[in-house]
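What follows is a single structure, written as structure tokens, with notes after it.
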Amino acid sequence: MKIVLATSNKGKLREFKEMCRADILPYQELLGDIEIEETEDSFKGNAILKAQAIYDKLLEQYNEKYIVVADDSGLVVEALGGEPGIYSARYAGEGASDETNMDKLIDNLAQKSLTSSKAHYTCAIAVVSCYGVYCVHGWIYGTVNTLPKGNQGFGYDPLFTPDGYYQTMAQMSRELKSTISHRARALKLTKPIIEMLQRY
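In the working numbering, the protein residues as written are 494 to 693.
Printed below as a string of structure tokens:
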């Protein structure tokens, strides 16, 4: 069965391919661009919603079996009451850039006279196939600071330093990030599910 990734985020696609060591198709190659509104109130709910929506579209158009993988991930900042959370990708509004989202987070911390806060990244990965729906989670805990550092990665990586490390996620090599990130931890649980489904 072909593996299809339900995301338009090029950074996520690259990370999935590198971490899974598998041939993964972006859904756009098969379906073109599709707007999927994230209407659930949890990372798990939105991951399943996206994977199921793409899976259903593929069933409509192709007479093949597919494994559709989707993730929903974000940053949860303690001092901001859990923001940006499930709104991480659109914290500063629909279509907001990583830089604009980071600026809003920095501004919101500054309004509380803070330059840092405990935080964690969460990643929920959903896998949908003709054999059902699976969902796993990965987390990484650390601190967000209001001074961005590094130019690797994407999202809030320049602000986030994992516990036990002195570099932000954006300063780390891809090799290191791909072993410790929230997405890497969730993918470690996802790989055996995909391998099991491919044997059927």
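C-beta: ideal position from N, C-alpha, C; glycine also.
- At the C-beta level, ILE633 and ILE673 come within 8 Å of one another.
- Scanning its chain for C-beta atoms nearer than 8 Å, with the 5 sequence neighbours on each side dropped, one finds around SER666 the residues GLN645, in chain order.
- Sorting ASP656, LEU669, ILE547 and ASP650 by C-alpha distance to the C-alpha of MET662 places ASP650 at the top.
- TYR614 and LYS642 have their C-alpha atoms spaced approximately 17 Å apart.
- Taken in chain order, the complete alpha helix (DSSP H) segments of 4 or more residues contained in the region 582 to 630 are 591 to 604.
- The continuous beta strand (DSSP E) containing THR654 extends over residues 653 to 655.
- Within the same chain, TYR624 come within 7 Å of TYR693 by CB-CB distance, once the 5 residues on both sides are set aside.
- For ALA589 against ALA544, the beta-carbon gap comes to about 24 Å, at or over 8 Å, which does not count as contact.
- Contact check between the region 573 to 585 and the region 548 to 560: fewer than three CB pairs, one atom from each, fall below 8 Å, which does not count as touching.
- Spanning the alpha carbons of LEU573 and ASN601 requires a straight line of approximately 8 Å.
- Note that the C-beta distance between SER610 and THR636 is below 8 Å.
- Assignment of beta-bridge partners to LYS495 by DSSP yields TYR559.
- Excluding sequence positions up to five before and after MET595, its CB lies within less than 8 Å of the CB of PRO641, TYR649, PRO651 and LEU652, all in the same chain and listed in chain order.
- Around the beta carbon of TYR627, 16 or more other beta carbons sit within 10 angstroms, so the residue counts as buried.
- Closest in alpha carbon position to HIS630, among THR654, ARG583 and PHE536, is PHE536.
- In the DSSP assignment, ILE633 forms a beta bridge with TYR614.
- In the DSSP secondary-structure assignment, SER566 is bridged to CYS616.
- The DSSP-derived three-state label of PRO641 is coil.
- If you compare the alpha carbons of LYS505, GLN691 and ASN638 with that of TYR659, the shortest gap goes to ASN638.
- Assigned with DSSP and collapsed to three states, ILE527 falls in coil, not helix or strand.
- In terms of Cβ geometry, LEU680 and MET512 form a close pair [threshold 8 Å].
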